[in-house]
Every structure is written in C-alpha cells, then in structure tokens.
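Undergrad:
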Amino acid sequence: MAKLTLLVFTIATLLALASAHKTIVTTVLEEDDTTNPSSQQCGQQLQGQQLRQCQNHLQQPESLFPFPQQQQQTLQQCCQELRNVNPQCQCNAVKKIFGEVQQQQEQQGGIFGGIFGPMQTQRLKQRAENIPNQCNLQTGRQCRVRTSGQCRQEVQGRQFNRCQRYLDQQTGSGYGSNPDQEREQCCQELRNVEVECQCEAMKEVFNQGMQQQGQHQQPQIQRAVEDLMNRCNLEVQQCRISSGMF
C-alpha cells in the first residue's frame, strides 16, 4: 500500500511540474509576441534611414577591392548602423538594404557597368544574409532575403484588391468609400509582403491597375502607386515604376 501511495504521489508531482513548465514557456512566448514591433512600426523606423554604409558594403566588389582592411572598416560602419535599429527590425533593415542595392545594380547593369546576372544576384544575396552573423546581431531568427526573381514569382498573380479599389478612387473610376480608409487597407496589403519584395508588389499593383483601367489612365496610376511608398510608411524607398512595364 505504501508503495502504491508513493507511486501515485510521484506521478502527481511529475504532472504538476510538466504543467508548470508548459505555463512558463507559454508565458514567455506571449511576452515576446507583445514586444515585437509590427511591420508598420518597423517601416516607420526605417523610413528615411538610408543605411548608406551598409549599401556601400554590399556594392563593393570583393574581387576588385584592393584593401581588405578598408572593406572590414565599411563592414563595421554598416554594423553600427544596424545596431542603431530596433533589434526586432534589424532583419527588415537587411532586407531593405538588399532590395535597394539589387534594384540599383539591375538598373545600372551591375557593378561598374558589368552584367548583373543570376550568379551576381546569388552572391549579393549571400553577402546580405551574412551581415547579421558578421555583426553579431541578435535578430532572433535566421535572416533570409529573396531575390527580385523570387519576389516576382511570389507576387505575380497575387490579388491586391484593396489597392485596386484605391487606384479606382484616385483615377475617378470608383466612388462611395473613404479614400483614407481605402489607402490604409491598400497599405496593409503591401506591408504583408516581405520587405525586399515590396517594390515588386508595387509593380504588380501598377500592372493590375493598367490591365483593369487601360493605357489612358497610366499617368494617374503611376503617380498613385509611387505615392504609396511614403504614404504607407514602407521600408522600401527606391522603387522605379516604369511606364514601359505594362
């Protein structure tokens, strides 16, 4: 009887400890969630921050750089820029830098006017993803970035219905709704896209608007889409919406 009582007591104790452990883990996770800034808050913090040292670091061609110590110096300056960002937004900052540098290189034809192809894109991607480790940043998760090609595949065909309703209002094709409310709902659609893909998302919004409203509305649609970068507090600050895209 004594052995049975001891066994019951032991099982009850183990169950109590397991329950307490589960409660502690759940509480910690919930507290972490409440301290994580939203994508909108990160966008507000990163908007206006050029992070030029990090851009310079990514733009430097490693094979052509004659002074390794100088390259290390630009990396440390980049690290300092990122440490000035909320730790929960640091991965978004890396994504923002990568997206802008990639777009610049594609428009300029690569470093020093060379060809910016898939190999260069992958190398740039690797360098960007290495920054958090090189800077000893505590991002809390592995920071992965998407190339423009991956972003195009992700957003192509995705329906940005709220943004299309907003464009309808801006071109005079839609009526009856609050413009500010429609714009904010469009902004939320864009914020739901990964930072480095937001420019491709805006291009997709432009293309869908052109398909729905026609070529004659092109100037108004282009202005409205480009204006969303500032009005939505998006992290992306450089996004060229070309009339030749459609």
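All the letters of the sequence shown, read from the start, carry residue numbers -20 to -1, 1 to 226 under mature numbering (1 follows the signal peptide of the UniProt record, and there is no 0).
For glycine and all other residues, C-beta sits at the position ideal for the given N, C-alpha and C.
1. When the distance is taken between beta carbons, is Cys179 closer than 9 Å to Cys212?
2. Glu61 by DSSP, collapsed to three states: which one?
3. Could you compute how far the alpha carbon of Gln198 sits from the alpha carbon of Gln217?
4. Looking only at its own chain, which residues have a Cβ that is under 6 Å from the Cβ of Phe78, when we skip the five neighbours before and after it?
5. Tell me the rounded alpha-carbon separation between Gln51 and Gln39.
6. Among residues of its own chain, excluding the 5 on either side of Leu170, which ones have a beta-carbon nearer than 8 Å to its beta-carbon?
7. Thinking C-beta only, is Gln200 closer than 9 Å to Gln161?
8. Between which two residues does the alpha helix (DSSP H) harbouring Pro112 extend?
9. Note down, in chain order, each residue of its chain lying with its Cβ closer than 6 Å to the Cβ of Cys71, except the 5 sequence neighbours on either side.
10. If you count every other CB in all the chains shown that lies within 10 Å of the CB of Ser157, and 16 or more means buried, which is it?
11. By Cβ distance, which residues of its chain are closer than 7 Å to Val135, with the 5 residues on each side in sequence left out?
12. So which of Glu164, Asn116 and Ile221 has the shortest CA-CA distance to Gly189?
13. What does the Cβ neighbour count give for Gln56, buried or exposed, with the cut at 16 atoms within 10 Å?
TA: Taking the definition as stated:
1. no
2. helix
3. 22 Å
4. Ala108, Val125 and Glu176
5. 11 Å
6. Phe140, Cys143, Gln178, Ala181, Met182, Val185, Leu208, Cys212 and Leu214
7. no
8. Pro98 to Gln114
9. Thr119 and Cys123
10. exposed
11. Val173, Cys177, Glu180, Ala181 and Glu184
12. Ile221
13. exposed
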